[in-house]
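Worksheet: the structure to be examined is printed underneath.
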Amino acid sequence: DSGVTQTPKHLITATGQRVTLRCSPRSGDLSVYWYQQSLDQGLQFLIHYYNGEERAKGNILERFSAQQFPDLHSELNLSSLELGDSALYFCASSVAGEVINIQYFGAGTRLSVL
Amino acid sequence: DAKTTQPPSMDCAEGRAANLPCNHSTISGNEYVYWYRQIHSQGPQYIIHGLKNNETNEMASLIITEDRKSSTLILPHATLRDTAVYYCIVRVRRSGNTPLVFGKGTRLSVIA
Numbered sequence: 443d444s445g446v447t448q449t450p451k452h453l454i455t456a457t458g459q460r461v462t463l464r465c466s467p468r469s470g471d472l473s474v475y476w477y478q479q480s481l482d483q484g485l486q487f488l489i490h491y492y493n494g495e496e497r498a499k500g501n502i503l504e505r506f507s508a509q510q511f512p513d514l515h516s517e518l519n520l521s522s523l524e525l526g527d528s529a530l531y532f533c534a535s536s537v538a539g540e541v542i543n544i545q546y547f548g549a550g551t552r553l554s555v556l
Numbered sequence: 013d014a015k016t017t018q019p020p021s022m023d024c025a026e027g028r029a030a031n032l033p034c035n036h037s038t039i040s041g042n043e044y045v046y047w048y049r050q051i052h053s054q055g056p057q058y059i060i061h062g063l064k065n066n067e068t069n070e071m072a073s074l075i076i077t078e079d080r081k082s083s084t085l086i087l088p089h090a091t092l093r094d095t096a097v098y099y100c101i102v103r104v105r106r107s108g109n110t111p112l113v114f115g116k117g118t119r120l121s122v123i124a
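Going down the list, the protein sequences come from chains F and U. Every position in the first sequence, counted from 1, becomes a number in the working numbering once 442 is added. Every position in the second sequence, counted from 1, becomes a number in the working numbering once 12 is added.
This is the structure:
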């Protein structure tokens with residue numbers, strides 16, 4: 443158990459809908475990262491939050507957004523869903539400010555867009 | 013961060029050592045080598061990291077060549093549960109936190 447909790451584990455929805463994925467980082471970790479893993483793209487970084495502030499963006503679509511709340515949990519919002527958004531979404535957390543950056547991953551949310 | 017090259021797949025007999033190579037010929041002096049693995053659609057799992065000395069922990073050993081252009085992850089007694097995709101990632105030693113860049117990794121199959 444990595445200590446990172448993601449909910450829900452599975453999500454099935456229709457095209458055009460909006461969903462919210464939730465991540466609770468390990469206790470004390472200030473950084474939260476979101477990654478997407480689809481069959482043809484591998485693991486792709488989406489966005490990074492540190493102590494409530496956005497720090498970096500990767501290949502994140504404009505239809506997607508995220509936030510990190512004062513209690514440090516994070517949510518990834520996916521809207522106007524398309525078939526191609528079907529993927530595994532992972533959240534990871536890490537300790538703040540260390541030069542050795544070990545990230546701990548949650549079990550992921552499997553999103554199926556039908 | 014330096015680019016890494018790994019074989020796409022490898023097999024290993026159960027109980028034998030699994031030696032997973034990684035080439036990082038453009039690595040610079042302030043870059044660390046990290047290894048993660050992903051067991052069938054689970055979240056990636058940190059294994060080990062190193063700079064220039066060999067490292068060992070409860071999961072694996074990491075051997076880095078003297079010129080640091082390549083490394084080998086060693087699972088000393090592979091079990092069926094070690095079947096996974098193994099990712100070698102090179103990252104600059106830096107303060108603050110930055111995302112990981114995953115390549116395609118090596119798919120290790122441990123065979124009974």
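Quick reminder that beta carbons are idealized off the backbone N, C-alpha and C, glycines included. It should be emphasised that the depicted structure is a prediction, and the values quoted were computed from it without experimental measurement.
Counting C-beta neighbours from all protein chains within 10 Å, is the total for residue i 16 or more, i.e. buried, or is it exposed?
| i | result |
| --- | --- |
| F/R505 | exposed |
| F/D443 | exposed |
| F/A529 | buried |
| F/P450 | exposed |
| U/I96 | For the sequence presented, residue 96 of chain U should be read as Ala rather than Ile. Its Cβ being crowded by 16 or more others within 10 Å, U/A96 is buried. |
| U/D94 | buried |
| F/A456 | exposed |
| U/N65 | exposed |
Quick one: residues in its chain with C-beta nearer than 8 Å to the C-beta of residue i, no 5 flanking neighbours on either side, listed in chain order?
| i | result |
| --- | --- |
| U/A29 | I86, L87, P88, H89, A90 |
| F/R468 | S444, G445, V446, S535, Y546 |
What does DSSP give as the partner residue(s) for residue i in the beta ladder?
| i | result |
| --- | --- |
| U/P22 | Residue identity differs from the one stated: residue 22 of chain U is Met in this sequence, not Pro. In the DSSP output, where bridge partners are listed per residue, U/M22 has U/L120. |
| U/R105 | According to DSSP, which records beta bridges pairwise, U/R105 is partnered with nothing at all. |
For residue i, which residues in the same chain have their Cβ closer than 7 Å to its Cβ, ignoring the five residues on either side in sequence?
| i | result |
| --- | --- |
| F/G458 | S522, L523 |
Give me, in chain order, the residues of the same chain whose beta-carbon lies closer than 6 Å to that of residue i; leave out the 5 immediate sequence neighbours on both sides.
| i | result |
| --- | --- |
| F/F487 | Y477, G500 |
| U/C24 | A30, A90, V122 |
| U/C34 | T16, Q18, S83, C100 |
Is the separation between the beta-carbon of residue i and that of residue j shorter than 8 Å?
| i | j | result |
| --- | --- | --- |
| F/P512 | F/G494 | yes |
| U/T110 | F/A534 | no |
| U/Y58 | F/Y546 | yes |
| F/S480 | F/S536 | no |
| F/S516 | F/C465 | yes |
If you measure beta-carbon to beta-carbon, which residues of the region 487-513 of chain F are closer than 8 Å to chain U?
F487, H490, Y492, R497, A498, G500
In chain order, what residues of the region 36-54 of chain U put their CB closer than 9 Å to some CB of chain F?
Cβ contacts with chain F come from Y44, Y46, Y48, Q50, S53, Q54.
What residues in the region 109-122 of chain U bring their beta carbon closer than 9 Å to a beta carbon of chain F?
N109, T110, P111, L112, V113, F114, G115, K116, G117
Anything in the region 443-466 of chain F with a Cβ closer than 7 Å to a Cβ of chain U? List those residues in chain order, please.
S444
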